[in-house]
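Residue numbers (UniProt numbering), protein chains in the order written: chain A, 1 to 644; chain B, 1 to 644.
Note that beta-carbon positions come from the ideal geometry of N, C-alpha and C, so glycine has one too.
Data block below; observations after.
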């Protein structure tokens, strides 16, 4: 039944996520998953189909031709990526169906799967763009056209749908396609030595392997990881074959797609942010499955480079619209931040996979930071509109949209939220790691036992978490590791009322309780959760003299709806007296207020010789994820602050 | 001899600049002009010729073909603009030859002129790109390919060279070309109703008319102004003729080239900054020459929109690299400011032409602001390297370059500096306006007298200016108008020792002394020049809590060479005690220092929970124009400041 173990080559210490069916989520994420399940999942199909995607996939419909204009010197249209949008929408629907069986939604998914079944070529190939719009050109431009990326997202959708419904049809279709890809790519004679221009297939193949128990998909994932960036560069060779002039690649450098050097040599996160984080996710998965420590220096170096020099306080990354990605160290502009929703979503993916080697707060803290802030901001509270960019400052003109020419973010974030249960835990042979806290119930296998864990908590409203083991058939020795967030100013832990000395049990930011568990134990973790100011490195020039406010995992912001306009005229006192108030508005959250000064100006001149006058006022902060859910207005994360 | 009056239709109150030969400049600009004359002017020819420009112009040389790749969907290469680079280089050389007769430089100019003479078509047409690289395509893409823009710069060069050397050959060549253009463009039968995609020819034709006394060139300038933006839009019609798909224009909107509506309807500065300011310069010239007040609401509205919502404190404009131009109101980011050197140069052009209706400090203050800061920063003190972008903050990686694929800025700024004498004064029938202060000697015609004015001043080192009239043959009644800068906290004026009540004589920011002058009068103007802080409108979010420092017309900055790194950790006290010190370094300037705090950080983490510690230190400011002339390092204009 648990196929995962049957393919594992990683050591017993390798950690893998539970399957979605193993964790039932309530609390903070419960209503959000309900919204995805009952509303967003349907909407994704509506909007994909409105955009014309099913017309492209279904071979029995008239060919829609080009609907979205080419860009980048007439080589690419986002229409080439439509399979991925369907893949992610099917994945979202699959997770939705766990929670809310819905015959109508299931029928819609089956219709799309049926179209793909009819589309699939004799040899297993499956790509609606190349089969219907540009036939005969398959495998000629891996660099730009997301061909293998599309395959990956369809596979992830197929795995999820199989696990949700038990229906194998889509999984079989995609397994056939994966088998076909296995014959096409590799280092054998007559095989293409290519790899995805936009990574994604690597991590999808690991999922496919875990779901099917087929190690050959792991081998293919590892091939793609190993081959990337080898000399000669495949994308350059491929461009020559296409007759492309030297230097015609619109991004100039293969850093854009992280094929500029072999992945094991990489230490700096560069290029397109989503490509980067998907690649590193696949690398981490390969490390976990093959216990391949040769990937560790790269993974650690890339992680450090991101988190020490290139990560927004919201867990956003990639400041630039030009390459949808990274620029130079400490380049973290606020108003113009690109910080694509998909990049924060992918950072959750990467961080969760870095936990494959075991609990380590460096990864789970960032996973939580990206999840609750830069990712979650990407969807409105009603589940109907979406941010593509997630700036940390707005003059009032940045709003979520219904749909986008490149609609990658809505289904990506939706599938993450709908599957959040799988991110809460990490499971090894003899250890359960609790990475995230959320009201939930999990049933998992550990130490050859079936163990039930119930989390009771209002987290992130407050930091008290009760974890209760269900009854065990017989006592079992295993470890339970509980994350103590790096932001916590303090924490206490008790097992059945007996206080635990945290320091004595702390490893990599987790309290590790290894003992014989008898079942029924009640663990109470109390994490101090008070408003805290965050200060940025002096190289982040625009954040100097400013502070960001956070409480628990949530980054806060000033919003026009509470604070009027000219938010850059708001000044925190050096030692703000914060007041926290739980309110029901905006889905329920803790509002934070404090006294502060507001600057007033007398004239409308662009420049003046006198400083503004100041008056005392109140500053009211709301969680960043919740902004732009009321009337339009300014927003600001990094707020000016008086010095001591 | 003074041809200008022979073409004037404007009222007697119209003000025109003196010719270069009428003003000899020393003081602040003297050594800078010497550097241009003895070094930069030669270098411009070296680098134009190295780039291959003469190969393209000279019909007797092998055709060089495409040297600079096409961009914008393969429609444009900056190589199409090479004639303009030669035009501006010839203009620079002409001004250089006034100051330093130089047979070698004159021969180099003559060689280029000779090539143009041989290139010119039978019908007068003259454009090296269309005659040699894309023959047969002339007048098919006015929007993108700078065809009329090139004509304008060649004309400006021809006028300057004629005035400098008395040689008519190049002027005659360009007059023939202007005559040809007059036959091609217009509202008559069979004529093209087009106008420059990149404005420039309008103001050049006014120069040509003033130099040749030919009113038909004024009429053509007015036609281009009047026709621009009429319906149907010429560029859209022209694109249809080329078979270009609807919406294929890479900038989407004709706001990019200011043809989105008739110029008289325009009130908002939009699009490409240099195109905009060149256009408005031509509009102001047409207003002056035709006394056409129907242009005034547009010129005033555009001016207000720029100066009240879109102008950097340095006199830079156009924050965005994407369109090399304007974006939205108050969008004035510092580190990423595009603020092209050419745009500040062109703002000097526009402001000077807004003075065609008479002295008005609104225009001359901005002319001075752009000149001394955003323009002058564009060239190194040694005259050998150039900025294209002029950000107001640098992390230490922004440096002047030797040359650029689009080398518009070096000759543009060089010709401005070398001709700065013509911007100092405005001349009307019975009035001399002194717009700028600089050690200089001028001989001008006013009230039918030849009048000599000598300015003795160390301006902008200090604000004391002595102006002495030379002897007059006979007393003459005319007005002398002296600008009192808007930034001055005070000023006194005396004529032959007799104090003048400024308020009683003030008009539009000028002290207007209308009297019978006998010759030999000595006027002493003392403008208070103390360091002052400037504060920005609250809508400029990134400048809040910060101040810029200026003294006289000069904006100052912190530079790494004096202040080390982490300049955003420097904090001005609320009431800084500034110390001014005249030093000889960097060409001589007044250095300003004050006490201030510097923040120190204990760890290298990207985010931390404790604010930085502070220590007292000294902040040392240098003029913005002088930055990046020592070792590489950070630079910052808007400096954090303690509140009161």
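At least 3 beta-carbon pairs within less than 8 Å: the stretch 420-440 of chain B vs the stretch 477-489 of chain B: yes
Candidates B/407, B/430, B/492: closest to residue 68 of chain B by CA position: B/407
For residue 384 of chain A, the three-state DSSP class (helix, strand or coil): coil
Sequence-distant residues of its chain with Cβ nearer than 7 Å to residue 646 of chain B (five each side left out): The structure shown does not extend to residue 646 of chain B, since chain B is modelled only from 1 through 644, so no value can be given for it.
Members of the stretch 511-535 of chain A near chain B, C-beta cut-off 8 Å: With the criterion set as a beta carbon lying under 8 Å from some beta carbon of chain B, the members of the stretch 511-535 of chain A are 532, 533, 534, 535, in sequence order.
Meets three-Cβ-pair contact criterion under 8 Å: the stretch 508-515 of chain B and the stretch 470-479 of chain B: yes
Residue 170 of chain A - containing alpha helix (DSSP H), residue span: 169-184
Chain A contact for residue 393 of chain B (CB, 8 Å cutoff): yes
Spatial distance of residue 448 of chain A from residue 431 of chain A (CA atoms): Spanning the two alpha carbons is a distance of roughly 11 Å.
Burial state of residue 71 of chain B, where buried means 16 or more other Cβ atoms lie within 10 Å: Residue 71 of chain B sits exposed, since fewer than 16 C-beta atoms from the chains shown fall within 10 Å of its C-beta.
Contact with chain B by residue 605 of chain A, beta-carbon distance below 8 Å: Closer than 8 Å to some Cβ of chain B, the Cβ of residue 605 of chain A qualifies, so yes.
Neighbour-count burial assignment, residue 79 of chain B, 16 or more Cβ in a 10 Å radius: buried
Closer than 8 Å to chain B by CB, residue 256 of chain A: No, its Cβ sits nowhere closer than 8 Å to a Cβ of chain B.
8 Å Cβ cut-off: residues of chain B touching residue 309 of chain A: Near residue 309 of chain A (Cβ distances below 8 Å), the residues of chain B are 606.
CA nearest to the CA of residue 579 of chain B, picked from B/474, B/618, B/176: B/618
Any alpha helix (DSSP H) of 4 or more consecutive residues that is wholly inside the stretch 85-123 of chain B: 103-119
Backbone secondary structure at residue 488 of chain B - three-state DSSP: coil
Beta-bridge pairing of residue 605 of chain B - partner residues as DSSP gives them: Paired residue(s): none; residue 605 of chain B is not in a bridge.
Element boundaries [beta strand (DSSP E), containing residue 523 of chain A]: Element bounds for residue 523 of chain A: 522-527.
Meets three-Cβ-pair contact criterion under 8 Å: the stretch 587-604 of chain A and the stretch 536-543 of chain B: yes
Min CB distance residue 362 of chain B to chain A below 8 Å: Taking Cβ atoms only, chain A never reaches closer than 8 Å to residue 362 of chain B, which makes this a no.
Reduced DSSP secondary structure (H/G/I, E/B, other) of residue 594 of chain B: strand
Contiguous alpha helix (DSSP H) assignments of at least 4 residues, all confined to the stretch 412-478 of chain B: 421-424
Three-state secondary structure assigned by DSSP to residue 6 of chain A: Any reading at residue 6 of chain A must be qualified, since the residue scores a pLDDT of 49, below 50, and its modelled position is unreliable; the value itself is stated next. It is helical.
C-alpha distance - residue 329 of chain B paired with residue 85 of chain B, whole-angstrom precision: 32 Å
Cβ neighbours of residue 490 of chain A in the same chain (closer than 6 Å, five flanking residues each side left out): 528
Cβ separation of residue 143 of chain B and residue 239 of chain B, assumed to be a contact under 8 Å, to the nearest whole Å: 7 Å
Continuous beta strand (DSSP E) stretch holding residue 33 of chain A: start and end: Looking at the DSSP string, residue 33 of chain A is not in any beta strand (DSSP E); the run it does join, the alpha helix (DSSP H), is 29-35.
Nearest residue (CA-CA) to residue 94 of chain A, options A/327, A/416, A/150: A/416
Residue 5 of chain A to residue 624 of chain A span [Cα, whole Å]: Because the pLDDT at residue 5 of chain A is just 41, under 50, the model does not fix this residue reliably, and the value given afterwards should be weighed accordingly. Taking the straight line joining both Cα atoms gives about 39 Å.
Near-chain A residues of the stretch 230-250 of chain B - C-beta to any C-beta below 8 Å: none
Assigned exposure category for residue 583 of chain B - 16 Cβ within 10 Å defines buried: Exposed, by the Cβ-count rule.
Assigned exposure category for residue 613 of chain B - 16 Cβ within 10 Å defines buried: exposed
8 Å Cβ cutoff, residue 639 of chain A in contact with chain B: no
Contact the stretch 29-40 of chain A vs the stretch 444-462 of chain A: 3+ CB pairs below 8 Å: no
Pick from B/640, B/632, B/524, B/563 that is closest to residue 533 of chain B, judged by C-alpha positions: Nearest of B/640, B/632, B/524, B/563 to residue 533 of chain B, Cα basis: B/640.
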